[in-house]
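Read left to right, the sequence shown gives residues -22 to -1, 1 to 167 (mature numbering (1 follows the signal peptide of the UniProt record, and there is no 0)).
Idealized CB from N, CA, C, for every residue including glycine.
Contents: one structure, followed by commentary.
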Amino acid sequence: MEYSFKVFVLLFLGIQVVLVTCTQFEVGDKTYGWEVPKTVYHQQLVYNEWASKKRFNVDDTLYFGYETFADSVLVVSKEDYEKCHSDRPIYYSNDARSVVTLDRPGLFYFMSGVAEHCEKGQKMVVKVLEPAGVETPPADADQSANQNSSDSLPQHRNNNNNATGALAAISSTTIIFCIMTSLLGLFFF
């Protein structure tokens, strides 16, 4: 009886993993962690090279490990990323175990909040892939929408709001399934 229950649980967990997967990535892996790159050659390459070798999906998380009070993690705009400006972060954490959820498709811009760390290469761009089954509009769709009369603009915006709401619902469901799957694994194995 106990054997068949474990088989049932394994099948259930297997189905959940196939349906919903979320991954936690350790930034820089164990080689670098989140710190200023050590060599001049690597300063502008380390974190973007690391990120370019990964496939990030919505609801994946990034773990930034660093010494307590020695550093921080900021999510910033593209403009602030390019100029290493840290005075208007979208997100800020300095607890030495920062975890950031990639909650939408698109680009995320990360940098250190410590003076001069960004200029020394402690910054990174992460591209999060579109969820499977979500269609992206063709590149010229935005141009044609802008050329239409102003009456069509609110409708276009409403469609984007509905898509955002749907993605938020999908993201919440994904997080709940990830938590449930993890807890089941802890209790039964």
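Assigned exposure category for residue i - 16 Cβ within 10 Å defines buried
i	result
A48	exposed
L57	Note that residue 57 is Glu in the sequence shown, not Leu. Exposed: under 16 other Cβ atoms inside 10 Å.
Y59	buried
A93	exposed
D65	exposed
D38	buried
N124	For N124, the predicted structure reports a pLDDT of 39, less than 50, and the residue's modelled location is therefore unreliable. A value from the coordinates is still provided. Exposed.
residue 188	There is no way to answer for residue 188, as the model of the chain reaches only from -22 to 167.
L80	buried
D7	exposed
First and last residue of the uninterrupted beta strand (DSSP E) at residue i
i	result
E57	Counting along the chain, E57 falls outside any beta strand (DSSP E), though it belongs to the alpha helix (DSSP H) covering 56 to 61.
E45	Unbroken run through E45: none, as it is neither H nor E.
V24	Per DSSP, V24 belongs to no beta strand (DSSP E); it is in the alpha helix (DSSP H), 24 to 30.
K101	101 to 107
V92	Element bounds for V92: n/a, residue is neither H nor E.
V78	75 to 79
E4	2 to 4
S71	69 to 71
Beta-carbon gap between residue i and residue j smaller than 8 Å
i	j	result
Y25	A74	no
F86	K101	no
P83	V54	no
Y41	V5	yes
K32	F3	yes
Residue i beta carbon near the ligand MN (any heavy atom closer than 7 Å)
i	result
F3	Ligands displayed in this structure: none; no statement on the ligand MN is therefore possible.
Bounding residues of the alpha helix (DSSP H) (the contiguous stretch that carries residue i)
i	result
K8	7 to 10
Exercise. Does the stretch 66 to 82 come close enough to the stretch 49 to 56 that 3 or more CB-CB pairs lie under 8 Å?
Worked result: yes
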